[in-house]
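Novice: Residue numbering for the sequence shown follows my numbering, beginning at 184 and increasing consecutively.
Just so it is clear, CB atoms sit at the ideal spot from N, CA and C, and this is done for glycine as well.
All of these numbers come straight from a predicted model, not from anything done at the bench.
Let me begin by handing over the structure; questions about it come next.
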Amino acid sequence: YVNRGLINLVEKESELVGVLAHEIAHVNARHIANIIEKSKKVGVATLAAILAGAFLGGGGELTAAATSFSLATAASLNLKYSREHEEEADRLGMYYLVRAGYDGKAMLDFLKIMRRYEFYSNNIPSYFLTHPGTDERITYLDALLQTTYIHRGAESIIGNLKRIQTMLMFGEKNLDYSLRHFQNELQKNQNDVDALYGIAVIQEKLGRYSESIDNFRRALSLSPNDEDVTRDLGIVYFKLGKTSQAIDYLHKAVALNGNDTGALLYLGRSYEQLGDYATALNIYKKLESINIDEADVYYSIAMAYGKTQNPGSSHHNFGIYFKKKNKPDTALFHFKEALKYFTKYSEKYEEIEKEIKSIKR
């Protein structure tokens, strides 16, 4: 039920939680199972009516009318179940939402957003609609808020929804569209850190590095301890070959979040650029302890071990790298080479043997 479109559509965390509460209510009330069971009965009755219409004779119009009436009746019955289920899910969902500490009004607010995005015509018969009218749902939810859920809850408990929405835009293929989106957001609020961050990231992707850095810095002037902005500015400096500036920002990013894998990876690479492989290796070891799954990390670790005269660990990490890259023969070569540098039955030796056995299976 959670997808990019939904997350970008909501305006508050509580609205997203309201949608989830509504869907959980559908599951708990076994609505899908009930609809399937009732649809079977309606399907048999509909088929009987259509066959009866065919045997009535009297020309195509009479048969068509009987068939049309039967289909409309079946659809209306299914819609009736849907309306009943939707209302029950709304009422249960409202209860779940409020019990979780959120403002029940969020469910009403999201329905109003839905209404703004409705594209179907008012002339379409109700039985063709798969969900009850939004206006109807707004009416009874508003009544619930006036009578049962009077006290207002929180709009946000977990936080960071705007940042999540911002990062989702980074996956948009049309960079110009993303840039316009963030620029429009910035026009609404000149101090919107997320909009500035979004603009900076997209400008970097477009190769507009000078503008990108300016907007990263502007975002940091408004939010000095923003770990995402700090990390990504450091990465931009690294890509531009400005290693000293990169290290400054990446060190700060790691200080803000010691488990930020992106900051640790680029900090290690920055020290490699300076030829300080020992420091780079110590940073990469922190990545190992986090159990990061990215193959390129193990390549960097392998290179750093090689530069610090530790061939056994270098081969071991090259083996992991090639295994993750789905190159079993090359991985097997490096694992076997790694065994030569470790004492038999030692912990590291047995770890490498397990890797070899996993490839040979």
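Anyone know if the C-beta pair for E455 and S483 falls short of 9 angstroms?
Specialist: It is a contact, given that the beta carbons lie within the stated cut-off.
Novice: Only counting runs of 4 or more residues, tell me where the alpha helix (DSSP H) segments fall wholly within the stretch 425-491, in order along the chain.
Specialist: For the stretch 425-491, whole alpha helix (DSSP H) runs of length 4 or above, ordered along the chain, are 426-439, 444-456, 460-473 and 478-490.
Novice: Going by CA-CA distance only, name the one from T526, S361 and A212 that's closest to N191.
Specialist: It is S361.
Novice: CB-CB under 7 angstroms to Y380, same chain, minus the five flanking residues each way: which ones, in chain order?
Specialist: Taken in chain order, the residues that qualify are T349, A402, D411 and V412.
Novice: Taking the alpha-carbon positions, what's the G451 to L358 distance?
Specialist: Cα to Cα, G451 sits roughly 29 angstroms from L358.
Novice: With a Cβ-Cβ cutoff of 9 angstroms, do I460 and A438 count as a contact?
Specialist: The amino acid occupying residue 460 in the given sequence is Tyr; Ile does not appear at that position. Contact flag unset, no.
Novice: Alpha carbon to alpha carbon, how far is L470 from D273?
Specialist: For L470 and D273, the distance between alpha carbons rounds to 45 angstroms.
Novice: In whole angstroms, give me the CA-to-CA distance for G342 and L199.
Specialist: Between G342 and L199, the C-alpha separation is close to 12 angstroms.
Novice: Take F505 as the anchor and find which of S496, G495 and F516 has the nearest alpha-carbon.
Specialist: Of the listed residues, the one whose Cα sits closest to F505 is F516.
Novice: What's the call for L344, buried or exposed, on a 16-neighbour Cβ count within 10 Å?
Specialist: Per the 10 Å Cβ criterion, buried.
Novice: Excluding the five sequence neighbours on either side, which residues of its own chain have a C-beta within less than 6 angstroms of the C-beta of L275, listed in chain order?
Specialist: Closer than 6 angstroms at Cβ, skipping near neighbours: A208.
Novice: Does the Cβ-Cβ distance between Y420 and I396 come in under 9 angstroms?
Specialist: In this structure, I396 lies closer than 9 angstroms to Y420 by Cβ.
Novice: Between K288 and R335, which are expected to be in contact by the criterion C-beta below 8 angstroms, what is the C-beta distance as a whole number of angstroms?
Specialist: Contact flag correct, Cβ pair sits at about 7 angstroms.
Novice: If you reduce the DSSP assignment to three classes, tell me which class A212 lands in.
Specialist: In the structure shown, A212 sits in coil (DSSP, three-state: anything other than H, G, I, E or B).
Novice: Would a C-beta distance cut-off of 9 angstroms place E538 and F518 closer than the cut-off?
Specialist: Going by C-beta atoms, E538 is nearer than 9 angstroms to F518.
Novice: Given a cut-off of 9 angstroms on the beta-carbon distance, is the pair G489 and F525 in contact?
Specialist: Not in contact: G489 and F525 (Cβ atoms no closer than 9 angstroms).
Novice: Since D325 and L291 are thought to touch, with beta carbons under 8 angstroms apart, how far apart are those beta carbons, to the nearest angstrom?
Specialist: Indeed, because the Cβ distance is near 6 angstroms, the residues count as touching under 8 angstroms.
Novice: Return the first residue and the last residue of the alpha helix (DSSP H) that P511 is part of.
Specialist: First-last of the alpha helix (DSSP H) with P511: P511 to L522.
Novice: Report all residues from its chain with a CB closer than 7 angstroms to the CB of I475; omit the five preceding and five following residues, and keep chain order.
Specialist: Only T444 meet the Cβ criterion.
Novice: Which value, in whole angstroms, describes the spacing of the CA atoms of D409 and R282?
Specialist: If I take the Cα positions, the gap works out to 32 angstroms.
Novice: Where does Y278 fall in DSSP's three states?
Specialist: Helix, per DSSP.
Novice: Would you mind reading off the limits of the alpha helix (DSSP H) that contains T322?
Specialist: Note, T322: alpha helix (DSSP H), T317 to T330.
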